[in-house]
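J.: Sharing a structure with you now.
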Amino acid sequence: MTAVELLKRISEQGFNEQLQQQVVALDDAELAYRFAHDLPEADLELLEAIVIKANQPRIAYEFSLIKAERGGAIEQLQNVIIDSNDGGLMILFAADVDGADIELLEDAVRQHPETKYLQLFEAEMRQKGFY
Numbered sequence: 071m072t073a074v075e076l077l078k079r080i081s082e083q084g085f086n087e088q089l090q091q092q093v094v095a096l097d098d099a100e101l102a103y104r105f106a107h108d109l110p111e112a113d114l115e116l117l118e119a120i121v122i123k124a125n126q127p128r129i130a131y132e133f134s135l136i137k138a139e140r141g142g143a144i145e146q147l148q149n150v151i152i153d154s155n156d157g158g159l160m161i162l163f164a165a166d167v168d169g170a171d172i173e174l175l176e177d178a179v180r181q182h183p184e185t186k187y188l189q190l191f192e193a194e195m196r197q198k199g200f201y
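With this note's numbering as the guide, the letters of the sequence shown map in order to residues 71 to 201.
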């Protein structure tokens with residue numbers, strides 16, 4: 071079954087363990103994210119492993135929003151963002167993800183070769199009331 075077919079079945083049937091196992095078997099980070107996004111019953115730990123292995127920072131960021139909202143740990147997802155060295159995503163992660171380690175992200179942004187990200191980081195943190 072393709073990811074598109076599976077998404078259609080998910081939207082028609084809602085959560086069930088068999089569909090979740092099919093999502094896991096496809097080992098597709100975006101599909102894992104969509105499954106988690108659409109179905110609160112989804113096993114976030116199981117799906118997170120797919121997202122982390124894929125090493126796609128944007129999907130890791132989006133998945134972390136879901137996981138943080140539902141009270142899960144986000145450290146491994148945060149590491150994907152930091153390891154990506156994507157200054158913009160580090161700023162978004164720090165600003166938007168509950169439980170983000172602001173100091174760790176700030177240290178990573180400080181090491182970024184483009185200094186504009188540090189200025190943007192500091193401005194965003196002031197606006198969010200973290201500074």
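All residues carry an ideal CB built from backbone N, CA and C; glycine is no exception.
Note that the structure is predicted; figures quoted are calculated from it, not measured.
Mapping the DSSP letters down to three states, classify L109 as helix, strand or coil.
T.: On the sequence shown, residue 109 is found 39 positions in, with the first residue counted as 1. In this structure, L109 counts as coil in the three-state DSSP scheme.
J.: Report whether the distance from the Cβ of G141 to the nearest heavy atom of the ligand SAM is below 8 Å.
T.: Among the ligands in the structure shown, none appear at all, so the ligand SAM cannot be discussed.
J.: Would you check if the distance between the CB atom of V167 and the CB atom of S134 is smaller than 9 Å?
T.: Numbered from its first residue, the sequence shown carries residue 167 at position 97. Numbered from its first residue, the sequence shown carries residue 134 at position 64. In this structure, S134 lies closer than 9 Å to V167 by Cβ.
J.: Considering Q83, what are the terminal residues of the alpha helix (DSSP H) in which it resides?
T.: Taking the sequence shown and counting its residues from 1, one reaches residue 83 at position 13. Where Q83 is concerned, the enclosing alpha helix (DSSP H) stretches over A73 to Q83.
J.: Tell me the residue span of the alpha helix (DSSP H) that contains E194.
T.: To locate residue 194, count along the sequence shown from 1; it is residue 124. That run of the alpha helix (DSSP H) goes K186 to K198.
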